[in-house]
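So the protein lines, in turn, are chains A and B. Heads up: the first sequence runs through residues 3 to 435, numbered per my numbering. Heads up: the second sequence runs through residues 1343 to 1516, numbered per my numbering. For each residue, glycine too, the CB sits at the ideal point set by N, CA and C. It should be emphasised that the depicted structure is a prediction, and the values quoted were computed from it without experimental measurement. Notes follow once the structure below has been shown.
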Amino acid sequence: MEKVLTRNIGPDLQPTDLKAYEANGGYQGLRKALAESSPKDCLDVISAANLRGRGGAGFPTGMKWSFVPMGDKCTPGHKYLVCNADEMEPGAFKDRLLMEYDPHQLIEGMILSAYTIGADISYIFIRGEYVVAIQRLRDALTECYAAGYLGDNILGSGFSLNMYIHPSAGRYICGEETALINALEGKRANPRAKPPFPQVSGLWGRPTIVNNVETLCNISHIIDRGADWFKTLGVGEDSGTKMFGVSGRVKNPGCWELPMGTPIRHILEDRAGGMQDGLQLKGFLPGGGSTDFLTPDHLDLAMDYNVIGKAGSRMGTGTMIILDDQTCPVGMVLNLIRFFAHESCGFCTPCRDGLPWTRQVLEDIESGRGRAEDLDTLAYQVSYIGAMGNTHCALAPGAMEPLQSALKYFRDDFDRHISGGSCPYHSHTRQGA
Amino acid sequence: MNDAQMIQTDVGSALSPEELSEIDAELAHVPYKSGAAIDALKIVQAKRGWISDQSLQAIAKYLDMSAEELEGIATFYNLIYRRPVGKKVILFCDSVSCWICGCDGIKQKITDVLGVDYGETTEDDAYTLIPVPCLGACDRAPVMMVGDDLHTHLDEAKIDALFPDKNKKAGGSS
């Protein structure tokens, strides 16, 4: 398979500086597009390529961009392109890799994206803990300004763009794009009501596009080589390649660029090496902590947005978390619900109060104090908190996804905790409640 | 330095010329001053380790904000410290992949070796232990950061090696 996103990332894991990036064809796509293509041309290519957002939602990138007012339809003033590099989904570790080892790929994608939507200011909103990525991006920006890829009149095209890095001060909710915008404005990161959508009224009330790191890393390749080429990369319904990851107790956890639509079995068995000795696969979250469990019955499904969706889960970030048969499913869900309860921004009641309530019920069950009626309470919480429209944003519904599917697939485990008055896994794992 | 640049607050704290100049650089690309609130908090924290009440009031005054509003922002974000912390902060990942890979036992080991639980600072002010959401290194779980350094594939021997002088004092481990 052709490596696209990781073509500059070798097994020795050396970061790619400007010279190395250019030597491997870097910034050729930018030079070509600024010389030959209009922003409309670029938008058409991205739309035709069927690139879908790699941050988790899978929304078509071309459609997202098409809502940005252009030309006379836009009131005078700035437009913004923001890279969401706030990788905090539990189990997600793909954007870190792309930024640490090939920062220029992201920057070139951002320059072309900004050109397409007419943005003149861009931000990389990156989590503060990614100190290595922050430093390498800073170094790369310095190289870009010196080489004329950023600043005024880029490569003599008349297009100007400034780029800033905003290291975040924390909180998972900043990954939600309107919360991220509030954080960039120096406020508490409560999500905003939509509409208005950020494409029309985002940062400082101006048109703003927020895209994930991996999404933006695809842009220069698509614009350089075309929509038809991009579509041929996928082996299923979706276009392109994808960074897939596996964590948990497998033999070879890691992150690999593979064709979109790669079967789960290939990722788990051939890439991740299968389960560690003595362990069996019990289930897995296909795309991070806020996606529904799937089971060994789903191993032959393709990692495509719609295929995973039809199976009752979401492809999310494409980074799978593996549950083995000696790890407690109730404990795993409790860990996730604790995370989401802690990360609630506190703005709406079902999330602020509902998630700690769910956590409490799960703590009771995990510690052997559960009652049979607790399962009805959990089912009610799933139906109420999990319903879109009852909460201000998607955090709490996302938190309910692993819980609702755990109740479906691992019901016996919940029952055994309650009937036995203790966690049946504790005798043979290290993990406490 | 220019004395006129020193921002005196009613509690006697001040922002240094260096801090002011870094905050001013952020102010250059935001349309109103409070837009740089988080950047300013991070700048001051980088110099002083944490955000004291005096620092908070000085920043608020400089950004034309109320201290209450800035306090609401400062306490929202987990990487802004409103209490003194040790020379290095240990950000310990307790999220799902690290949990599956046994982070609870590692956390207990750290507590045994350093004598601190979450939110606490060692007696010698060297380390403060704080849990952190998933650090994005799940393929190398369990992981944590000590200061700016990421430590991966943690086990009890690595904890002993990281804090050698502390370990001598510790009685035992889990």
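Going by DSSP, name the residue or residues bridged to residue i.
i                           : result
isoleucine 128 of chain A   : A:Ala87, A:Pro169
aspartate 1491 of chain B   : B:Val1488
aspartate 14 of chain A     : Looking at the DSSP assignment, aspartate 14 of chain A forms no beta bridge with any residue, so it has no partner.
serine 346 of chain A       : Beta-bridge pairing links serine 346 of chain A to no other residue.
aspartate 326 of chain A    : A:Leu283
threonine 321 of chain A    : A:Gly247
phenylalanine 69 of chain A : None, per the DSSP bridge assignment.
lysine 1430 of chain B      : B:Tyr1469
leucine 405 of chain A      : None, per the DSSP bridge assignment.
isoleucine 48 of chain A    : Beta-bridge pairing links isoleucine 48 of chain A to no other residue.
isoleucine 211 of chain A   : A:Leu83
threonine 1534 of chain B   : Missing from the structure shown is residue 1534 of chain B; chain B here goes from 1343 to 1516 and no further.
glutamate 259 of chain A    : A:Met245
isoleucine 123 of chain A   : A:Tyr82, A:Asn164
valine 252 of chain A       : A:Met277
glycine 153 of chain A      : A:Leu163
arginine 54 of chain A      : A:Pro62
glycine 290 of chain A      : A:Pro288
alanine 304 of chain A      : A:Pro265
cysteine 1435 of chain B    : B:Val1474
leucine 296 of chain A      : A:Phe286
So, under 8 Å CB-CB, residue i and residue j are touching, yes? Tell me the CB distance rounded to an integer number of Å.
i                         : j                         : result
alanine 401 of chain A    : leucine 338 of chain A    : 7 Å
leucine 108 of chain A    : cysteine 219 of chain A   : 5 Å
serine 162 of chain A     : glycine 153 of chain A    : 7 Å
isoleucine 420 of chain A : glycine 388 of chain A    : Going by Cβ atoms, the distance from isoleucine 420 of chain A to glycine 388 of chain A rounds to 22 Å, so no, they are not a contact pair.
valine 47 of chain A      : glycine 228 of chain A    : 7 Å
threonine 180 of chain A  : lysine 196 of chain A     : 7 Å
valine 1455 of chain B    : lysine 1389 of chain B    : At roughly 30 Å, the Cβ-Cβ gap does not stay under 8 Å, so valine 1455 of chain B and lysine 1389 of chain B are not in contact.
glutamate 403 of chain A  : serine 292 of chain A     : 6 Å
leucine 364 of chain A    : valine 335 of chain A     : 6 Å
tryptophan 67 of chain A  : leucine 45 of chain A     : 6 Å
glutamate 110 of chain A  : tyrosine 29 of chain A    : 6 Å
cysteine 515 of chain A   : alanine 191 of chain A    : Absent from the structure is residue 515 of chain A, since the part of chain A shown begins at 3 and ends at 435.
aspartate 415 of chain A  : proline 331 of chain A    : 5 Å
isoleucine 269 of chain A : leucine 281 of chain A    : With a Cβ gap of about 17 Å, isoleucine 269 of chain A and leucine 281 of chain A do not count as contacting.
threonine 1494 of chain B : arginine 1482 of chain B  : 4 Å
cysteine 85 of chain A    : isoleucine 123 of chain A : Rounded, the Cβ-Cβ distance is 12 Å, inconsistent with contact.
arginine 140 of chain A   : aspartate 88 of chain A   : Not quite, the Cβ-Cβ distance comes to about 17 Å (not below 8 Å), so this is no contact.
cysteine 1531 of chain B  : valine 1488 of chain B    : A question about residue 1531 of chain B goes unanswered here, because the residues of chain B that appear run from 1343 up to 1516.
Would a C-beta distance cut-off of 8 Å place residue i and residue j closer than the cut-off?
i                             : j                          : result
methionine 165 of chain A     : methionine 112 of chain A  : yes
histidine 80 of chain A       : tyrosine 23 of chain A     : no
serine 1376 of chain B        : glycine 188 of chain A     : yes
alanine 1283 of chain B       : leucine 1357 of chain B    : Since the first and last residues shown for chain B are 1343 and 1516, residue 1283 of chain B lies out of range.
leucine 114 of chain A        : leucine 32 of chain A      : yes
isoleucine 1472 of chain B    : isoleucine 1432 of chain B : yes
tyrosine 1469 of chain B      : lysine 1500 of chain B     : no
lysine 233 of chain A         : alanine 51 of chain A      : yes
threonine 321 of chain A      : glycine 290 of chain A     : yes
leucine 1405 of chain B       : alanine 1379 of chain B    : yes
isoleucine 266 of chain A     : leucine 301 of chain A     : yes
asparagine 10 of chain A      : aspartate 97 of chain A    : no
lysine 284 of chain A         : aspartate 240 of chain A   : no
phenylalanine 342 of chain A  : leucine 397 of chain A     : yes
valine 384 of chain A         : leucine 409 of chain A     : yes
threonine 297 of chain A      : tyrosine 427 of chain A    : no
proline 200 of chain A        : isoleucine 225 of chain A  : no
aspartate 368 of chain A      : glycine 333 of chain A     : According to the sequence shown, residue 368 of chain A is glutamate rather than aspartate. Against a cut-off of 8 Å, the Cβ pair of glycine 333 of chain A and glutamate 368 of chain A comes out as a contact.
valine 1427 of chain B        : glycine 1391 of chain B    : yes
lysine 253 of chain A         : glycine 276 of chain A     : yes
arginine 238 of chain A       : aspartate 306 of chain A   : Before going on, a small fix: residue 238 of chain A reads as glycine here, not arginine. Yes, the Cβ-Cβ distance between glycine 238 of chain A and aspartate 306 of chain A is below 8 Å.
phenylalanine 1434 of chain B : isoleucine 1452 of chain B : yes
valine 202 of chain A         : proline 71 of chain A      : yes
serine 407 of chain A         : aspartate 294 of chain A   : yes
With a threshold of 7 Å (Cβ to nearest heavy atom), would residue i be considered close to the ligand NAD?
i                        : result
threonine 234 of chain A : The ligand NAD is absent from the structure shown, which contains no ligands of any kind.
Kindly confirm or deny that the stretch 169-176 of chain A and the stretch 1420-1428 of chain B touch, where touching means at least three C-beta pairs closer than 8 Å. yes
For the stretch 47-60 of chain A against the stretch 135-144 of chain A, are there 3 or more C-beta pairs whose distance is under 8 Å? no
Determine contact between the stretch 1457-1476 of chain B and the stretch 88-101 of chain A, defined as no fewer than three beta-carbon pairs at a distance below 8 Å. yes
What ranges does the alpha helix (DSSP H) occupy inside the stretch 1380-1421 of chain B, keeping only unbroken runs of at least 4 residues that lie completely in it? 1395-1404, 1409-1416
Whether or not the stretch 62-73 of chain A and the stretch 1439-1453 of chain B are in contact is what I'm after, with contact meaning three or more pairs of Cβ atoms, one per stretch, closer than 8 Å; do they touch? no
Is the stretch 351-365 of chain A in contact with the stretch 307-321 of chain A, if contact means three or more CB pairs nearer than 8 Å? no
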